[in-house]
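**Student:** Those protein sequences? They're chains A and B, same order as listed. Once you know that position 184 of the first sequence is 463 in the working numbering, the rest is easy, because the numbers rise by one and skip nothing. Once you know that position 15 of the second sequence is 294 in the working numbering, the rest is easy, because the numbers rise by one and skip nothing.
There are 2 protein chains.
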Amino acid sequence: MRAEAPCLWSAHLARLNRGAERLGIPSPDPALLRAETDALLIGVETGVLRITLTRGPGGRGYRPPPRPEPTRILALYPAAPDPGRWRAQGANLTLCRAVLGTNPLLAGIKHLNRLEQVLARAEWDDPEIIDGVMTDSQGRVTCGTMSNLFLCGDNGIETPAVDRCGVAGTVRALVLRHAAALGIPAREADIPLATLARARGLFLTNALLGPLPVARVGPHRFDPRAVPAELLERVRDAAFQPEIKS
Amino acid sequence: MRAEAPCLWSAHLARLNRGAERLGIPSPDPALLRAETDALLIGVETGVLRITLTRGPGGRGYRPPPRPEPTRILALYPAAPDPGRWRAQGANLTLCRAVLGTNPLLAGIKHLNRLEQVLARAEWDDPEIIDGVMTDSQGRVTCGTMSNLFLCGDNGIETPAVDRCGVAGTVRALVLRHAAALGIPAREADIPLATLARARGLFLTNALLGPLPVARVGPHRFDPRAVPAELLERVRDAAFQPEIKS
């Protein structure tokens, strides 16, 4: 965020609401949530805002309360380190041993059941590695622990589908939209690890890092020049545009 | 529990420790945990004790803290309703639409990523239905939302394996042990839904309900007399035996 206004507010709010609906949690009043956000951001130049919605208090056991009274948690963190160096050189990723279970019931949602990502993120300690690529239980490339992935080749770009696992990220959606506007063929696909290994170029997306070219995933190297530069620039501009209240 | 002492303490503690180890969370000091439990149970005749272990405070993002300082939460609830009626008639279950994703990484552990169970438990409201049967994403019968299942036939008993999803329950383990002692063949298996539907008898296990014969799963009916009565009696005795501190 910048200038006391959150970036991609509408997109994040829409995703929050879609997830809440699928999980049977009443969505927060958008005006109230924005007012709470604006109050938290007074005097804040840069930072990371995390909004967590829970189902709220309930009884023992798995049964959700018949009329949930959700809890909203707004937390402000220091800005993430600037990824400028990775933008120039390409980021280094590792390949995680931890895999993702698949369940269409939860696929695409940014829910809080993230044990798989926590176990995957515990696999490396090297600060030069900024994320780890995860495959699903059938060996398909799915995402990073905190990012989405786009393969680049002569025929356009491809990203893993998020209908069995993974998160439908806000910057991922920007890539698909801006690729269409630029006439770059872009599609969601099933991507075996072997296909990732053979890709010429690779980039990742994340709401805090924006889009970043990837130089390496474990032993596999990628050519940052194979990543469409204008697309990344447009997506970055769109991702970090503060969204002033309308 | 009864007489101010928890039931199956050693088994629950062992499972807590196995889960913590697999998730990279330091296990609590067993003497400290027992002392905290005993302090909570002073003057308590019956009730439900839930012990929750978290990884403790950490930073933003999925990276676990390098030296976690886990949090222990001990919560005491009123006793669950007596399942005596179901013991006589057999319990009614439903068949859930929500399925379980499979991941050997998390299989068998009683972890807190239970969104699938919460969504499954939201599928019915009828107080005459005490649990719902869940299949995994490949259609294999796995468990109830809060119980394990045992099919009974002329060749002994069968229960779903818990190496891809499910929870290695404490009462489930008692059934396997006591079946062996009684000479009843018992095995873990892959169980398609069609096999469940054809079973003569069915029972469930849960640490609060003990073992209970099942009369019905959706449209499928089971004969409570096909459930080995002596096995259930032995398991029930063992499951509700207060475990005085040694």
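Glycine is no exception: its CB is placed at the ideal position from the N, C-alpha and C atoms.
In or out: A/M280 buried (at least 16 other Cβ within 10 Å) or exposed?
**Tutor:** Indexing the first sequence from 1 puts residue 280 of chain A at position 1. Per-residue confidence for A/M280 stands at a pLDDT of 43, beneath the threshold of 50, marking its modelled position as unreliable; no derived number is given.
**Student:** Give the DSSP-derived three-state secondary structure of A/T421 in the structure shown.
**Tutor:** Position 142 of the first sequence, counted from the first residue, corresponds to residue 421 of chain A. In this structure, A/T421 counts as strand in the three-state DSSP scheme.
**Student:** For a contact defined as C-beta to C-beta under 9 angstroms, what are the partners of B/E395 on chain A?
**Tutor:** Indexing the second sequence from 1 puts residue 395 of chain B at position 116. Within 9 angstroms Cβ-Cβ: N382, L384, L385 and N392.
**Student:** Just checking: is the beta-carbon of B/L511 within a distance shorter than 8 angstroms of some beta-carbon in chain A?
**Tutor:** Taking the first residue of the second sequence as 1, we reach residue 511 of chain B at position 232. Closer than 8 angstroms: no.
**Student:** Is A/E437 helix, strand or coil by DSSP?
**Tutor:** In the first sequence, residue 437 of chain A corresponds to position 158, counting from 1. The answer is strand: DSSP assigns A/E437 an E or B state.
**Student:** Which residue spans inside the segment 462-498 of chain B form an unbroken alpha helix (DSSP H) run of at least 4?
**Tutor:** Runs found: 472-477.
**Student:** Measuring alpha carbon to alpha carbon, tell me which residue in B/P357, B/T421 and B/I330 is nearest B/C375.
**Tutor:** The count along the second sequence starts at 1 and reaches residue 375 of chain B at position 96. Among B/P357, B/T421 and B/I330, the Cα nearest to that of B/C375 belongs to B/T421.
**Student:** Is there a Cβ of chain A sitting closer than 8 angstroms to that of B/P503, yes or no?
**Tutor:** Looking up residue 503 of chain B in the second sequence gives position 224. No, no contact with chain A.
**Student:** Which of the residues in the segment 414-426 of chain B, read from start to end, lie with their CB under 8 angstroms from any CB of chain A?
**Tutor:** Against chain A - using a Cβ distance shorter than 8 angstroms - the residues of the segment 414-426 of chain B are S416, T424 and M425.
**Student:** Does DSSP classify B/N296 as helix, strand or coil?
**Tutor:** Position 17 of the second sequence, counting from 1, holds the residue named residue 296 of chain B. Helix, per DSSP.
**Student:** Count the CB pairs spanning the segment 466-486 of chain B and the segment 439-455 of chain B that are closer than 8 angstroms, and state whether there are at least three.
**Tutor:** Short answer: they touch.
**Student:** Based on the DSSP secondary-structure assignment, which residues constitute the bridge partners of B/F429?
**Tutor:** Taking the first residue of the second sequence as 1, we reach residue 429 of chain B at position 150. Note: B/F429 sits in a beta bridge opposite B/F482.
**Student:** Starting from A/G387, follow its DSSP beta bridges and name the residues at the other end.
**Tutor:** Within the first sequence, numbered from 1, the residue matching residue 387 of chain A stands at position 108. The partner list for A/G387 (beta bridge, DSSP) reads A/V446.
**Student:** When you compare each of A/K389, A/G340 and A/V327 to A/P360 by their alpha carbons, which one comes out closest?
**Tutor:** Taking the first residue of the first sequence as 1, we reach residue 360 of chain A at position 81. Of the candidates A/K389, A/G340 and A/V327, the one whose C-alpha sits nearest the C-alpha of A/P360 is A/V327.
**Student:** Taking B/T316 as part of the alpha helix (DSSP H), name the residues at either end of that continuous run.
**Tutor:** The residue you call residue 316 of chain B lines up with position 37 of the second sequence. P309 to L320 is the extent of the alpha helix (DSSP H) around B/T316.
**Student:** Ends of the beta strand (DSSP E) at B/V412?
**Tutor:** Position 133 of the second sequence, counted from the start, is the residue given in the question as residue 412 of chain B. I408 to T414 is the span of the beta strand (DSSP E), which, as asked, contains B/V412.
**Student:** Taking 8 angstroms as the threshold (C-beta atoms), are A/A478 and A/L234 in contact?
**Tutor:** Missing from the structure shown is residue 234 of chain A; chain A here goes from 280 to 525 and no further.
**Student:** Looking only at DSSP bridge pairs, what is B/I330 linked to?
**Tutor:** Locating residue 330 of chain B in the second sequence gives position 51, counting from the first residue. Its beta-bridge partners are B/L353.
**Student:** Taking a contact to mean a Cβ-Cβ separation below 8 angstroms, would you say A/F501 touches A/A494 in this structure?
**Tutor:** Position 222 of the first sequence, counted from the start, is the residue given in the question as residue 501 of chain A. Position 215 of the first sequence, counted from the start, is the residue given in the question as residue 494 of chain A. Going by C-beta atoms, A/F501 is nearer than 8 angstroms to A/A494.
**Student:** With 8 angstroms as the threshold, decide whether the Cβ of B/A518 is near any Cβ in chain A.
**Tutor:** Working through the second sequence from its first residue, we reach residue 518 of chain B at position 239. No, because no Cβ of chain A sits closer than 8 angstroms to the Cβ of B/A518.
**Student:** Would you identify the three-state DSSP class for A/R281, choosing helix, strand or coil?
**Tutor:** As a first step, residue 281 of chain A is located in the first sequence; it is residue number 2 there, counting from the start. Here A/R281 scores only 45 on pLDDT, less than 50, and its place in the model is too uncertain to base an answer on.
**Student:** Give the single residue among B/Q417, B/I409 and B/S416 whose Cα lies nearest to the Cα of B/L427.
**Tutor:** Residue numbering aside, residue 427 of chain B sits at position 148 when the second sequence is read from its first letter. A quick correction: the sequence has Asn, not Leu, at residue 427 of chain B. With distances taken between Cα atoms, B/N427 lies closest to B/I409.
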